[in-house]
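**Q** Can you keep this structure in mind? I'll have questions shortly.
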Amino acid sequence: MAVSYSGVTKSFRGRLVLDGISDVVNEGELTALLGPSGSGKSTLLKIIAGLTPLDSGRVSLAGKDVTNAPARDRHIGFCFQDYAPFRHLSLRENVAYGLKVQRVPRAQRQEQVNELLRLVRLEDYADQYPHQLSGGQRQRMALARALAIKPDVLLLDEPFAALDAQVRGELRSWVRALQQELGITTILVTHDQVEAMEIADRLVILNEGRIEQAGRPAFVYDHPATDFVAAFLGPITSLGGISYRPHELELVAINDTADAFTVRDVVRLGFEVRVVLKADEGTSTWVQLTHDQAKQLNPKVGQRFGVRVRSRVDSSSQSAPSSHETTHGSAT
Amino acid sequence: MKRPSLVLRCLVIFYVGALLALPLGFVFQQAFSHGWDQLWAALHNHAMDLAILLTAKVAILAVPLNVLFGVGVSLWIVRHPSKLSRIVDVVIDVPLALSPIIVGLVLELAYAQNGWFGSTFAALGLHVMFSYPAIVMASVFVSLPLVSRQVIPLLREIGDHQEQTAATLGAKPTRIFFTITLRSIAWAAAYGVTLTLARVIGEYGAVLIVSGNIALITQTLTLNIGANFESFNSYQGFVGALLLALVSVLALTVIGVARHRLERKRHGSFV
């Protein structure tokens, strides 16, 4: 276990931000701390880094208790959402900062900095100052600077939030590839569930200072432990009072085994099509169809269809919960 | 942005000209009106030279004191906000709002031999009033907020993420202070130093009261200039005024040029 914390509690001005939370992060894994703003995820990250003192609880790194160790002794790479570039230093000097602190000899330092700059593909910008770089470049600079001290753990606070959509997507897969290449234990804070599902080995979903659920992204998506997790991870629809993911329902021709609905609206969402339906007795639902399915059925407003739960062919091949897959709160 | 109209530009030039350039030009014109030989002789006036020396000695102590206080109090107000620091944040501006004469009188009330705690000092054989320490005290007082007013907004703007990042990279607090904090605020502090220097060498009212204005002993350059005008030796006064103006203009020019040059190089570090 690379990082573990237990009973972490923190209040700010009488408001409870973290309510005794515990988790274990495995060596080499990328964990996403996912939650809405104010859920305490950034505070937790800063507590792990030693930048914010905790009220009670313990934090350990590689089995060693570091609860009272200052940030400088924890050997953790930390990147802020704003990347916190040292504005008066060139890119090269930024990356070299941690090595200078460690008194790495000059020649060796330069070699390592060049290598890091190659790694983050910024070797052509080495003598530029942070204000001359784009958001994505600054992000990579912050990453190189954090990696320079060869940290045991990498902590990233909303690393892609300040970037525009295209750069964000590119950088996301690049960071994931880099993380796997280096095999560095990483905890990433995000409020974007799509980002978390795409990049993480494991999700930890926080809400109001508590862990709602933790586990593999696919498992958590398919088996949300709470209503909150279900709603936060993606759209949900319902049939007969039971919640489903939109793709779990299918539209069929009127027959005896399916409930009858009237089409109220058809919305084209890129590749997918959302069909909003209303039952005769007044309950409504919606179904998400692929482009091909929609073409085949060709639903029109006013037409009548049956809605039923799609038979799950892959239910047996669902990933089994891993040893530390935990659920908190009441299951639905 | 639209170019300001011709009328507006003329108005600004006229306003600045009438208030600043014209009187300043008059000082230059008067100081040079008697030719170079006379100017040379006036520069070697014994009383004025002693006054210049005293002003320099005051500035050498008052400016560093003000920088230490200004940077320290700024860090305290921004990084450790509390009820007390918020009060200090407001109170620190009082010297700017207060007439220097009042500042002088208050200091005299407190530190004169029969003052509130001047008597205690006197019992120890320390005579604060009408001496070098009193002038330094008055100078520091009147320029109190000049450094912190430059530094506080900058500290607020840059936040503490750079410092925290440096901590995660293994840096100790002193190293963080010198390599990150101080480097970030260096130009704001330097600008504050320039303003402080200009204010300290130019202060009149407060220094007049606390120094006693004793020629050759506690007379600063401004007091010397004043004394010369009062004794109808206005030429000598203009020469002193010329020196004062030159130092101020020089200080502002040096800092302005240096700042502009570095700003072009690393725009990001400045406001």
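Listed in order, the protein sequences are those of chains C and X.
All residue numbers for the first sequence refer to my numbering, where the first residue is 2 and numbers rise by one.
All residue numbers for the second sequence refer to my numbering, where the first residue is 717 and numbers rise by one.
Ideal Cβ placement from N, Cα and C applies to all residues, glycine included.
Note that the coordinates shown come from a computational prediction; the quantities given were computed from them, not determined experimentally.
Chain C beta carbons: is any one of them nearer than 8 Å to that of His877 (chain X)?
**A** Cβ-Cβ to chain C under 8 Å: yes for His877 (chain X).
**Q** Do Pro816 (chain X) and Ala905 (chain X) have their C-beta atoms closer together than 8 Å?
**A** No, they are not a contact pair.
**Q** Can you say whether Thr938 (chain X) is buried or exposed, counting buried as having 16 or more other CB atoms within 10 angstroms of its CB?
**A** Thr938 (chain X) comes out buried.
**Q** Would you verify that the beta carbon of Leu117 (chain C) is, or is not, closer than 8 Å to some beta carbon of chain X?
**A** Closer than 8 Å: no.
**Q** Please report how far the alpha carbon of Ala254 (chain C) lies from the alpha carbon of Phe272 (chain C), in whole angstroms.
**A** About 22 Å.
**Q** If the cut-off is 9 Å on Cβ atoms, which residues from the region 71-97 of chain C count as contacting chain X, listed in chain order?
**A** Under the 9 Å Cβ criterion, the region 71-97 of chain C contributes Pro71, Ala72, Arg73, Asp74, Arg75, His76, Ile77, Gly78, Phe79, Cys80, Phe81, Gln82, Asp83, Tyr84, Ala85, Pro86, Phe87, Arg88, His89, Leu90, Ser91.
**Q** Using three-state DSSP, classify Gln878 (chain X) as helix, strand or coil.
**A** Residue state, collapsed to three classes: helix.
**Q** Just to make sure I have the definition right: I need the residues of chain X whose C-beta is within less than 7 Å of the C-beta of Ala50 (chain C). Which are they?
**A** Result: Thr884.
**Q** Which ranges would you report for the alpha helix (DSSP H) in the region 919-945 of chain X if only whole runs of at least 4 residues count?
**A** List check, alpha helix (DSSP H) in window: 921-927.
**Q** Grouping DSSP H, G and I as helix and E and B as strand, with all else coil, what is Lys65 (chain C)?
**A** Correct three-state label for Lys65 (chain C): strand.
**Q** Are the region 40-54 of chain C and the region 150-170 of chain C touching, with three or more C-beta to C-beta distances below 8 Å?
**A** Counting Cβ pairs under 8 Å, three or more are found: they touch.
**Q** Looking at the structure shown, is Ile48 (chain C) part of a helix, part of a strand, or coil, going by DSSP?
**A** Residue state, collapsed to three classes: helix.
**Q** Considering Phe272 (chain C), what are the terminal residues of the beta strand (DSSP E) in which it resides?
**A** Premise fails: Phe272 (chain C) is in no beta strand (DSSP E) and is neither H nor E.
**Q** Alpha carbon to alpha carbon, how far is Arg275 (chain C) from Lys799 (chain X)?
**A** Answer to the nearest angstrom: the Cα atoms are 56 Å apart.
**Q** Residues of chain X with a CB under 8 Å from the CB of Gln103 (chain C): which are they?
**A** What Gln103 (chain C) touches in chain X: Gly886.
**Q** Quick check: what's the CA-CA separation for Ala231 (chain C) versus His224 (chain C)?
**A** Those two C-alpha atoms are separated by around 8 Å.
**Q** So for Arg173 (chain C), helix, strand or coil by DSSP?
**A** Helix, per DSSP.
**Q** Please list, in chain order, all residues of the same chain as Tyr731 (chain X) whose beta carbon is under 8 Å from its beta carbon, the five residues on each side excluded.
**A** Contacts found: none.
**Q** In chain C, which residues lie less than 7 Å from Ile896 (chain X) when you measure between Cβ atoms?
**A** Going along chain C in sequence order, the residues near Ile896 (chain X) (Cβ under 7 Å) are Phe87.
**Q** Between Gly984 (chain X) and chain C, is the shortest Cβ-Cβ distance under 8 Å, so that the two count as touching?
**A** Unreliable placement is indicated for Gly984 (chain X), whose pLDDT of 49 sits below 50; the coordinate value is still reported in the next sentence. True, the Cβ-Cβ gap to chain C drops below 8 Å.
**Q** Going along the chain, which residues of the region 131-151 of chain C sit with their C-beta nearer than 9 Å to a C-beta in chain X?
**A** Answer set for the region 131-151 of chain C: Pro131, His132, Gln133, Ala143, Arg146, Ala147, Ala149, Ile150.
**Q** Is the region 819-829 of chain X close to the region 918-937 of chain X, with three or more CB pairs under 8 Å?
**A** Contact between the region 819-829 of chain X and the region 918-937 of chain X is present, because at least three Cβ pairs lie under 8 Å.
**Q** Taking the continuous alpha helix (DSSP H) assigned at Arg891 (chain X), which residues delimit it?
**A** 889-892 is the span of the alpha helix (DSSP H), which, as asked, contains Arg891 (chain X).
**Q** Just to confirm my understanding: we take Ala734 (chain X), look at its own chain, exclude 5 residues before and 5 after, and list those with CB closer than 6 Å. What are they?
**A** No residues qualify anywhere along the chain.
**Q** How would you call Gly972 (chain X), buried or exposed, if buried means at least 16 neighbouring beta carbons within 10 angstroms?
**A** Classification of Gly972 (chain X): exposed, given that the 10 Å Cβ count is below 16.
**Q** Using a Cβ-Cβ cut-off of less than 9 Å, give me the residues of the region 6-21 of chain C that come near chain X, in sequence order.
**A** Per Cβ criterion, the list is empty.
**Q** Under 8 Å between C-beta atoms, does Ser900 (chain X) make it to chain C?
**A** For Ser900 (chain X), the answer is yes, since a Cβ of chain C falls inside 8 Å of its Cβ.
**Q** Pick from X:Ile851, X:Ser721, X:Ser835: whose alpha carbon is nearest that of Val926 (chain X)?
**A** Checking every option, the nearest Cα to that of Val926 (chain X) belongs to X:Ile851.
**Q** So what does DSSP say about Arg865 (chain X), is it helix, strand or coil?
**A** Of the three classes helix, strand and coil, the one that applies to Arg865 (chain X) here is helix, per DSSP.
**Q** Is Gly99 (chain C) close to chain X? Criterion is C-beta to C-beta, closer than 8 Å.
**A** Closer than 8 Å: yes.
**Q** DSSP three-state call for Glu213 (chain C): helix, strand or coil?
**A** Glu213 (chain C) falls in the strand class under three-state DSSP.
**Q** Between which two residues does the beta strand (DSSP E) holding Ser7 (chain C) run?
**A** It spans 4-13 - the beta strand (DSSP E) in which Ser7 (chain C) sits, taken as one unbroken run.
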